[in-house]
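Working notes, beginning with the structure itself.
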Amino acid sequence: MNTLDFGFGAVEAQLWTLVFLMTRIGAALLAAPFFSAAAVPVQVRVGITGAIAVLVSAWLPIITPPALLSLAGVLAIASEALIGLALGFVLQLSFAAPVIAAEQIGGAMGMSIASTADPVNGAHTPVLGQYFTVMLTVIFLGLGAHLVWLRLLVESFTVFPPGGAWFGVAQIERLVGFGSEMFIAAVAIAMPVTLVLLLVQLASGVLSRSAPALNLFALGLPAGILAGLAALIAVAPLNADQLVVLSEEAVQQVGALLAR
């Protein structure tokens, strides 16, 4: 029995069960992109967390620790928070890949100094990073991948029963391995545009050597920006396909994290 007893009997037991379930769900929503956006009010996040917890308590036979305020109960709550943070962090890795690619493209174009406030992360990101982030968010939601992720979040209560589930070495290795896949996806997104910009920079270098009187900065910077914008427009369908694959891989990685 919990240390705190407010005298509500069975209703209080159901309340403690709901709070216990909300720990994993709330941690996952806190770590996941667009659910944890600064534009999403806290009341909405708590409402979504509570609604999912009610459904989970009705669908699955959840057994909460008898004393949540004891040492065993605190460890169980920490385990729930760890699992939820890991499930949301996998999506964060996937959404970080386009931002890394945008930083590389912006640096090659000479637009690295142009930044804007990111309402999702509450920080300043490159302008191209906002473009790729919005594009990935639209594709992710359009594919219904967020619904699949929520389903996997609910299934995690079956794979890792509450109260006695800690991530093993296999899950930690998979989580670390997803970081390398994030950089691979970033390279795949940035490579077409950076190759075009490399050719433009080589051409600008040849012209500056052939005609030293030309101002390299006055010629190379506008040429790099124009070539980068043209390359982004040309490879937009390819980037869309890559972001679709990235969205699918993000959900697959969450499913792989739940595999025993």
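Position 134, counted from 1, in the sequence shown is what our numbering calls 181; the numbers after and before it change by one each time, with no gaps.
Note that beta-carbon positions come from the ideal geometry of N, C-alpha and C, so glycine has one too.
By the neighbour-count criterion, in which 16 or more other beta carbons inside 10 Å mark a residue as buried, Ile110 falls on the exposed side.
Only residues of its own chain outside the window of five on either side were considered, and among them Ala233, Ile236 and Ala237 have a CB closer than 6 Å to the CB of Ala148, listed in chain order. Met158: not part of any alpha helix (DSSP H); DSSP gives it neither H nor E. Between the alpha carbons of Ser141 and Ala258 lies a distance of about 45 Å. Shown here for Gly97: same chain residues with a beta carbon closer than 8 Å to its own, the five before and five after excluded, namely Leu65 and Met69 in chain order. Taking the C-beta atoms as reference points, Ala287 is found no nearer than 8 Å to Val243.
DSSP, read as helix, strand or coil, puts Gly191 in coil. Ala144 counts as buried, since no fewer than 16 other beta carbons sit within 10 angstroms of its beta carbon. The Cβ neighbour count for Gln90, taken over all protein chains shown within 10 Å, is under 16; the residue is labelled exposed. When secondary structure is reduced to three states using DSSP, Ile109 falls in the coil class, being assigned neither helix nor strand. Using a Cβ distance threshold of 8 Å, Ala75 and Gly131 count as a contacting pair. In this chain, the alpha helix (DSSP H) harbouring Ser227 covers Val216 to Ser257. Boundaries of the alpha helix (DSSP H) around Ala297: Ala283 to Leu304. Here the alpha carbons of Gly154 and Thr180 stand approximately 17 Å from one another.
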